[in-house]
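Per the numbering used here, the very first residue in the sequence shown carries number 1323; after that it's consecutive.
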Amino acid sequence: MHYSRVHPYTLFSFFSRFWFLLILPVFEGLIVRPQTLLQAAGSLSLQFLFLLALIFWSVLELAAIGYHAGEGDLFYKRGALVRERLAVPYENVVSLTVRRTILSSLFGASRLYLDTPAGSQKRADITLTLSSKRLRKT
């Protein structure tokens, strides 16, 4: 079975979950512990390494996400460290919601939210970020 990849715009959702971790060192350096310019430049290397680790982890997560629209089921996989695989029969799908923001439309992406009766009421069971062209085909 061949799993299709999601749109690279998915990286934005990964970064948006961890943005506060990038701001904390800057906040600490400016307000809590004011430093000289030379000390601040030395602490930037640690922040740069953290940023690289965040980018590396996000790319791993992106590579682990995939979906396959089969005859009677939608197959979904995700997880770089802890793998999760789901098979959702089409007859169990309660609602499909397509959301396209201004920022995502600039990148040609749309989010597809799939809900089932057994899922949580607060968030979708499956969220896929697909190119708008591919979404129109399916």
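Ideal Cβ positions, reconstructed from N, Cα and C, are used throughout, including at glycine.
Residues bridged to residue i [DSSP beta-bridge criterion]
i	result
V1420	L1434
I1448	L1436
K1399	G1388 and R1407
S1442	Per DSSP, none; premise fails for S1442.
S1453	A1431
S1380	Answer by DSSP bridge pairing: none, since S1380 is not bridged.
Supposed close pair residue i, residue j - CB separation, criterion 8 Å
i	j	result
L1434	L1452	6 Å
Y1325	Y1389	6 Å
L1396	L1418	No, L1396 and L1418 are not in contact; Cβ-Cβ is about 10 Å, not under 8 Å.
L1382	A1402	4 Å
Closest by C-alpha distance to residue i, when choosing among the options
i	options	result
F1482	R1421, Y1398, I1377 and V1420	Outside the shown range of the chain (1323 to 1460) lies residue 1482, about which nothing can therefore be said.
V1415	T1438, R1327 and S1432	T1438
L1461	D1395, L1344 and F1334	Within the shown structure, residues of the chain are numbered from 1323 to 1460, placing residue 1461 beyond reach of any answer.
T1332	S1427, K1444, L1374 and G1441	S1427
I1424	S1454, L1403 and Q1443	S1454
Q1369	V1381, F1342, I1387 and R1327	F1342
V1328	A1431, R1445 and E1393	A1431
G1394	R1458, V1410 and W1379	V1410
Residue i versus residue j - alpha carbon distance
i	j	result
R1405	K1399	7 Å
T1449	S1367	35 Å
P1330	L1384	7 Å
S1442	R1456	27 Å
A1386	R1421	22 Å
F1337	F1349	18 Å
A1375	F1334	15 Å
A1440	A1446	11 Å
F1429	M1323	28 Å
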